[in-house]
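Asker: Mind looking over this structure? Questions follow.
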Amino acid sequence: MATSILKRGFKTDAERLAKEYREKLKIHPCGALCAFKLAEHLEVPIFSATEFVSDEKDIGLLKGLKGELSEWSALTMVTKSGNRIIIHNPYNSNVRQQSDLMHELAHIICNHQRIQQVYNFEIPFGMLEYDEVQEEEAKCLGATFQLAKPCLLWARKNGKTIEYISSYFNASEEMIRYRMNTTNIKF
Ligand SMILES: [Zn+2]
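No gaps in the numbering here: position 100 of the sequence shown is 83 in this note's numbering, and each next residue is one more.
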């Protein structure tokens, strides 16, 4: 297995949190957890990036220029009153929006502090937000929220296809493969 920069025990904690939030939201341990619902539970408001940008160039960046997929996903901002909010790209596919939001919620749950803190209300496209370890943590935790181990085990036991899992959990095929690799639950 590839060496991980994650702290020892982080993956176990991530699985525990995925289970706890499902319990709090009355979702079965193998059930689908919606990022919008989790954000609501955590009282983190989600805004569409289109509420902050309107000129054609920025909308083009959100949509992805020349038919390419947009690189810009989401970011967390701290308001003047100290509340955290998430601004996300509504032009990304549904499965991508879920992983974008789960990733940002993971940063918030881990209480990660950004390298750069000062914002006006401008969307800083493509900026570096967090250090490498924090990024890896958010990637791991966000992915675990979407596809916790019990979800993967349930899918394997019931012979579900990747397509089925993707639509049932609202997760991209790339995300499913990432989780199959990191959990070693292959099917
Ligand atoms: Zn991040």
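In this text, a Cβ means the ideal position worked out from N, Cα and C, and glycines have one as well.
Under the criterion of a Cβ to heavy atom distance below 6 Å, does A(-3) qualify as lining ligand 1?
Answerer: Mapped onto the sequence shown, residue -3 falls at position 14. Outside the cutoff, so no.
Asker: Is it the case that the CB of Y161 approaches a heavy atom of ligand 1 more closely than 6 Å?
Answerer: Counting from 1 along the sequence shown, the entry for residue 161 is found at position 178. No.
Asker: Can you name, in chain order, every residue of its own chain whose Cβ lies under 6 Å from the Cβ of A18, other than the five neighbours on each side?
Answerer: Numbered from its first residue, the sequence shown carries residue 18 at position 35. Correct list, in chain order: Q81, L84, M85.
Asker: Please indicate yes or no: does the CB of Y121 lie closer than 6 Å to some heavy atom of ligand 1?
Answerer: Looking up residue 121 in the sequence shown gives position 138. Just to set this straight, residue 121 is Ala in the shown sequence, not Tyr. A121 Cβ: within cutoff of ligand 1.
Asker: In whole angstroms, what separates the C-alpha of L124 from that of L25?
Answerer: The count along the sequence shown starts at 1 and reaches residue 124 at position 141. The count along the sequence shown starts at 1 and reaches residue 25 at position 42. Looking at the two C-alpha atoms, the distance is approximately 15 Å.
Asker: What does the alpha-carbon distance come out to for the pair I91 and E120?
Answerer: Your numbering for residue 91 matches position 108 in the sequence shown. Your numbering for residue 120 matches position 137 in the sequence shown. Between I91 and E120, the C-alpha separation is close to 11 Å.
Asker: Answer yes or no: the CB of E39 versus the heavy atoms of ligand 1, is any distance below 6 Å?
Answerer: In the sequence shown, counting from the first residue as 1, residue 39 sits at position 56. No, since every heavy atom of ligand 1 falls outside the 6 Å radius drawn around the Cβ of E39.
Asker: Give every residue of the same chain whose Cβ lies closer than 6 Å to the Cβ of E34, excluding the five residues on either side of it in the sequence, and list them in chain order.
Answerer: By one-based count along the sequence shown, residue 34 stands at place 51. So no residue of the chain qualifies.
Asker: Contact defined as beta carbons within less than 8 Å: I believe I145 pairs with E157. What is the distance between those atoms, to the nearest angstrom?
Answerer: Here residue 145 refers to the residue found at position 162 of the sequence shown. Here residue 157 refers to the residue found at position 174 of the sequence shown. Contact flag wrong, Cβ pair sits at about 10 Å.
Asker: Per DSSP, what kind of secondary structure is T59 in: helix, strand or coil?
Answerer: As a working note, residue 59 is residue 76 in the sequence shown. It is a strand residue.
Asker: The beta strand (DSSP E) spanning F128 covers which residue range?
Answerer: Residue 128 sits at position 145 when you count from the first residue of the sequence shown. Segment 115 to 129 is the alpha helix (DSSP H) holding F128; no beta strand (DSSP E) there.
Asker: Helix, strand or coil: how does DSSP classify M11 here?
Answerer: Here residue 11 refers to the residue found at position 28 of the sequence shown. Checking the displayed sequence, the identity of residue 11 turns out to be His instead of Met. The answer is coil: DSSP assigns H11 none of H, G, I, E or B.
Asker: Which same chain residues end up closer than 8 Å to I168 when comparing Cβ atoms and leaving out the 5 residues on each side of it in sequence?
Answerer: Position 185 of the sequence shown holds residue 168. Here the set comprises K132, L135, L136, R139, R162.
Asker: Would you call N141 buried or exposed, if buried means 16 or more other Cβ atoms sit within 10 Å of its Cβ?
Answerer: Taking the sequence shown and counting its residues from 1, one reaches residue 141 at position 158. The residue is exposed, with fewer than 16 neighbouring Cβ atoms inside 10 Å.
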